[in-house]
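Contents: one structure, followed by commentary.
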Amino acid sequence: MRRRLALALLAPFAPWLLAASAPSTAPAPADERPLRAAAERITLPWVGADELIPAHGVPRGGSRSTIELEVDPPLPGRGWELTVRAEPAGGPVAGGRPPRAFWKLDSEPPSGFRPLREEEQLVLRSESATSGRITIDVVFGVDWTVTPGRHDVGFLFDLQPL
Amino acid sequence: MAGVLRALRLLPAVLLAGGAVARADTLAVRAEVRVPLLQSLDATPGILDPVPATVADLERGALDVPEGVTLTVSSNVPWELYVRRADPGGPAIEVSADGGPHRPALDAWLPVASGPGGVEGERHELRLRVVLSWTAAAPGDHALRLEYRLAPRGA
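Top line first, the protein sequences correspond to chains A and B. Counted the way the working numbering counts, the first sequence spans residues 3 to 164. Counted the way the working numbering counts, the second sequence spans residues 36 to 190.
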């Protein structure tokens, strides 16, 4: 009887309870999404083999582009954390070994490029509930083991409240 | 009754959570590049020192050039390396690649090495032999010119 009464009292709030416990499963409408990209596909120009072959694992120039992101606080009044990881299915479209993708914030020096991994990597953490635009520099490291053809690599960004 | 009280105590928390639903989000951005076919060939030295032929060479019918040519190959596709004589009217030349048998380098491309894609700076040693005879070896300086070609295998 007591259990029934407790369930009856909680029942009207169950949708809120579910929403609060699983915030990332239901995508909001596109115009309300807290994480947006200026373009969800970018093309890196090919500028020549000499500049693209990585020296000591870090590319020294060449084929670069940027990912522009806009972030709103996912939870009002709370800070947020943005992470990135390689999409597991990312890789060559035309077969062969894909290029290595490197990324860094545009505010970091060129030595800040780090390889994109399948494990989550922190992009930015905001302790306050601020909106902002984030520019991420992307470069592909192409060496002789990368086969000719079109390759694409997926960057998966994840925004979570703190 | 205790269960009811516990449920009532939960209500404020549930109400608060419901009033500020987190909008965590994920987003995929795909970055694309088109990689062309890439091959690089380097030959060192570019010029070999002149070697005088001796009577012994003439009697043996061949002069082995002591200095070899190192061909350095880089390729992102399976490749094949060729050599040919650049001067059709010059002395007859035989080449040996990586310690293999000597074969005549003619006007047509002669395959001397091949390999899979994804190689950087792979070295192959070419040894040269000039075919001599008393009738063909006129006194004077003779220049040997060879051409090398790196191509995708099957091209």
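By construction, the Cβ of each residue, glycine as well, lies at the ideal position given by its N, Cα and C atoms.
Name, in chain order, the residues that DSSP records as bridge partners for residue i.
i: residue 139/B; result: 129/B
i: residue 117/A; result: 104/A
i: residue 67/B; result: 45/A, 154/A
i: residue 160/B; result: 105/B
i: residue 187/B; result: 114/B
i: residue 127/A; result: 83/A
i: residue 67/A; result: 140/A
i: residue 161/A; result: 84/A, 60/B
i: residue 72/A; result: 38/A, 135/A
i: residue 146/B; result: 117/B
i: residue 182/B; result: 119/B
i: residue 79/B; result: 105/B
Beta-carbon within less than 8 Å of residue i's beta-carbon, same chain only, minus the 5 sequence neighbours each way: which residues are those?
i: residue 128/B; result: 120, 139, 140, 163, 164, 165, 166, 179, 181
i: residue 96/B; result: 166, 167, 168
i: residue 154/B; result: 108, 109, 110, 114
i: residue 3/A; result: Residue placement at residue 3/A cannot be trusted, given a pLDDT of 45 that sits under 50; what the coordinates show is reported in the next sentence. There are no such residues.
i: residue 63/B; result: none
i: residue 170/B; result: none
i: residue 61/B; result: none
Taking the alpha carbon of residue i as the reference point, which residue from the options has its own alpha carbon closest?
i: residue 157/A; options: 34/A, 36/A, 44/A, 35/A; result: 44/A
i: residue 104/B; options: 124/B, 60/B, 82/B; result: 82/B
i: residue 1/A; options: 42/A, 130/A, 65/A; result: Because chain A spans 3 through 164 in this model, residue 1/A falls outside it and cannot be assessed.
i: residue 173/B; options: 161/B, 135/B, 126/B; result: 126/B
i: residue 123/B; options: 137/B, 61/B, 143/B; result: 143/B
i: residue 89/A; options: 66/B, 157/B, 132/B; result: 66/B
i: residue 79/B; options: 118/B, 59/B, 106/B; result: 106/B
i: residue 100/A; options: 61/B, 69/B, 130/B, 185/B; result: 69/B
i: residue 137/B; options: 177/B, 175/B, 161/B; result: 161/B
i: residue 129/A; options: 147/A, 164/A, 48/A, 155/A; result: 164/A
i: residue 190/B; options: 72/B, 58/B, 61/B; result: 72/B
i: residue 77/B; options: 100/B, 59/B, 132/B, 156/B; result: 156/B
i: residue 127/A; options: 48/A, 148/A, 149/A, 86/A; result: 86/A
i: residue 184/B; options: 58/B, 74/B, 59/B, 60/B; result: 74/B
i: residue 100/B; options: 118/B, 130/B, 116/B; result: 130/B
Give me, in chain order, the residues of the same chain whose beta-carbon lies closer than 6 Å to that of residue i; leave out the 5 immediate sequence neighbours on both sides.
i: residue 113/B; result: 151, 152, 188
i: residue 27/A; result: Residue placement at residue 27/A is poorly supported in this model, since its pLDDT is 37, which falls under 50; the coordinates are not used for a value here.
i: residue 46/A; result: 65, 67, 142
i: residue 102/B; result: 83
i: residue 79/A; result: 131
i: residue 118/A; result: 88, 103, 105
i: residue 158/B; result: 105, 107
i: residue 98/B; result: 88, 92, 165, 167
i: residue 177/B; result: 126
Give the residues of chain B in contact with residue i, contact being defined as C-beta atoms less than 8 Å apart.
i: residue 101/A; result: 68, 70
i: residue 39/A; result: 62, 64
i: residue 192/A; result: Look at the range of chain A in this structure, 3 to 164, and you will see that residue 192/A is not part of it.
i: residue 67/A; result: 66
i: residue 140/A; result: 66
What in chain B is Cβ-close to residue i, meaning under 9 Å?
i: residue 35/A; result: 58, 60, 62
i: residue 150/A; result: 69, 70, 71, 72, 73, 111, 112, 152
i: residue 110/A; result: The contacting residues do not exist; residue 110/A stays about 18 Å from chain B at best.
i: residue 89/A; result: 63, 65
i: residue 43/A; result: 64, 65, 66, 67
For residue i, go through chain A and note every residue whose CB falls closer than 8 Å to its CB, in chain order.
i: residue 115/B; result: Chain A residues near residue 115/B: none, gap ~16 Å exceeds 8 Å.
Which chain A residues are close to residue i, counting only those with a beta carbon under 9 Å from its beta carbon?
i: residue 155/B; result: 55, 145, 146, 147
Relative to the ligand NAD, is the shortest distance from any of its heavy atoms to the C-beta of residue i smaller than 7 Å?
i: residue 136/B; result: Because no ligand of any kind appears in the structure shown, any question about the ligand NAD cannot be addressed here.
By the criterion of Cβ-Cβ separation under 7 Å, what are the contact partners of residue i in chain B?
i: residue 158/A; result: 61, 63
i: residue 154/A; result: 65, 66, 67
For residue i, which residues of its own chain have a beta-carbon under 7 Å away from its beta-carbon, when the five flanking residues on both sides are left out?
i: residue 161/A; result: 36, 37, 73, 76, 82, 84
i: residue 147/A; result: 99
Determine, using beta carbons only, whether residue i comes closer than 8 Å to chain D.
i: residue 127/A; result: Looking for chain D here will not work: the only protein chains present are A and B.
Are the region 143-150 of chain B and the region 85-95 of chain B touching by the rule of at least three beta carbon pairs closer than 8 Å?
With the cut-off at 8 Å, the region 143-150 of chain B and the region 85-95 of chain B do not touch.
Determine, using beta-carbon pairs with one atom in the region 66-82 of chain A and one in the region 125-139 of chain A, whether at least three such pairs fall under 8 Å.
yes
With contact counted as at least three CB pairs below 8 Å, one residue from each stretch, are the region 98-105 of chain A and the region 114-125 of chain A in contact?
Output reads yes: the region 114-125 of chain A touches the region 98-105 of chain A.
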